[in-house]
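First residue of the sequence shown? That's 147 in our numbering, and the numbers climb one at a time after it. By construction, the Cβ of each residue, glycine as well, lies at the ideal position given by its N, Cα and C atoms. Values in this document were obtained by computation on a predicted structure and should not be read as measured data.
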Amino acid sequence: MRNRETEYQLFEVINVKPLIVKFSVKDENITLMFYLIPNLVRIEKDQVVSVGSSAIFSVFSDKPRFGDMCDPRKFINKTPIIPEITTIDEGGTEIRVNDKKIIKIKAKITNINVYSDLRDNLGNPCVNVSWIQSINVE
Numbered sequence: 147m148r149n150r151e152t153e154y155q156l157f158e159v160i161n162v163k164p165l166i167v168k169f170s171v172k173d174e175n176i177t178l179m180f181y182l183i184p185n186l187v188r189i190e191k192d193q194v195v196s197v198g199s200s201a202i203f204s205v206f207s208d209k210p211r212f213g214d215m216c217d218p219r220k221f222i223n224k225t226p227i228i229p230e231i232t233t234i235d236e237g238g239t240e241i242r243v244n245d246k247k248i249i250k251i252k253a254k255i256t257n258i259n260v261y262s263d264l265r266d267n268l269g270n271p272c273v274n275v276s277w278i279q280s281i282n283v284e
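Written out as structure tokens, the structure is:
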């Protein structure tokens, strides 16, 4: 049962800036751009208590090549590479709630698995990303 003091609020997306990380796998230099897209904002007693988000990311290799297509069912039989990542830009998404409060949400990557022998339709390696979100009300 939902608390009567909790409600979902309309919001406006002001700015979406990707989290950008770089890493190397074997002979490839890879850039990952990770975007947080808000889905809902929950408020309680006129305070923002949570923002639900979806993640979209793009992978770019400096050496794209052909290989088996990315398919999560193939992950079971593959051993991923867990690279050391370098954060280039922390990014963040800004939203406005109630025409006044600016909220910034950011993602922090907790794990990246790279399946370098599996490829997307552009020849980039297949990547699986785990992340957490933080909220900063400004």
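* Using the DSSP secondary-structure output, state which residues sit across from Leu156 in a beta bridge. => Position 10 of the sequence shown, counted from the start, is the residue given in the question as residue 156. Paired residue(s): none; Leu156 is not in a bridge.
* Asked: Do you know offhand how far Thr232's Cα is from Val273's?
  -> For the purposes of this step, residue 232 is taken as residue 86 along the sequence shown, with counting starting at 1. For the purposes of this step, residue 273 is taken as residue 127 along the sequence shown, with counting starting at 1. Cα to Cα, the separation comes out at about 16 Å.
* Asked: What's the call for Pro184, buried or exposed, on a 16-neighbour Cβ count within 10 Å?
  -> Taking the sequence shown and counting its residues from 1, the one referred to as residue 184 is at position 38. Buried, by the Cβ-count rule.
* Which class does Phe212 belong to by DSSP, given the choice of helix, strand or coil? -> Walking along the sequence shown from the start, residue 212 turns up at place 66. It is coil, neither helix nor strand.
* Asked: So, using beta-carbon positions, are Ile205 and Leu178 closer together than 8 Å?
  -> Numbered from 1 along the sequence shown, position 59 holds the residue referred to as residue 205. Numbered from 1 along the sequence shown, position 32 holds the residue referred to as residue 178. Per the sequence shown, the amino acid found at residue 205 is Val instead of Ile. It is a contact, given that the beta carbons lie within the stated cut-off.
* Asked: What residue range is occupied by the uninterrupted beta strand (DSSP E) comprising Asp235?
  -> Taking the first residue of the sequence shown as 1, we reach residue 235 at position 89. Its beta strand (DSSP E) spans residues Thr232 to Asp235.
* Going by the beta-carbon positions, is the gap between Val275 and Ile251 smaller than 8 Å? -> Position 129 of the sequence shown holds residue 275. Position 105 of the sequence shown holds residue 251. No, the Cβ-Cβ distance between Val275 and Ile251 is not below 8 Å.
* Given 8 Å as the limit, is there contact between the segment 215-229 and the segment 238-252, that is, 3 or more CB pairs closer than that? -> no
* Asked: Of all the options Ala201, Arg211 and Asp235, which has the alpha carbon lying nearest to the alpha carbon of Ile278?
  -> Here residue 278 refers to the residue found at position 132 of the sequence shown. Cα-wise, what sits closest to Ile278 is Ala201.
* Asked: Can the beta-carbon of Val157 be found less than 8 Å from the beta-carbon of Tyr181?
  -> Taking the first residue of the sequence shown as 1, we reach residue 157 at position 11. Taking the first residue of the sequence shown as 1, we reach residue 181 at position 35. The question names Val, yet the displayed sequence has Phe at residue 157. No. Outside cutoff.
* To do: State the Cα-Cα distance for the pair Ile249 and Val187, rounded to the nearest angstrom.
  => Along the sequence shown, read from residue 1 onward, the residue named residue 249 stands at position 103. Along the sequence shown, read from residue 1 onward, the residue named residue 187 stands at position 41. Those two C-alpha atoms are separated by around 10 Å.
* To do: Would you mind working out which of Val171, Ile255 and Arg211 sits nearest Asn267, comparing C-alpha positions?
  => For this step, residue 267 is matched to residue 121 along the sequence shown. Looking at the Cα atoms, Arg211 is the closest of the given residues.
* **Extent of the continuous beta strand (DSSP E) to which Pro184 belongs** => Reading the sequence shown from its first residue, position 38 is the one you call residue 184. Here the beta strand (DSSP E) through Pro184 covers Glu174 to Glu190.
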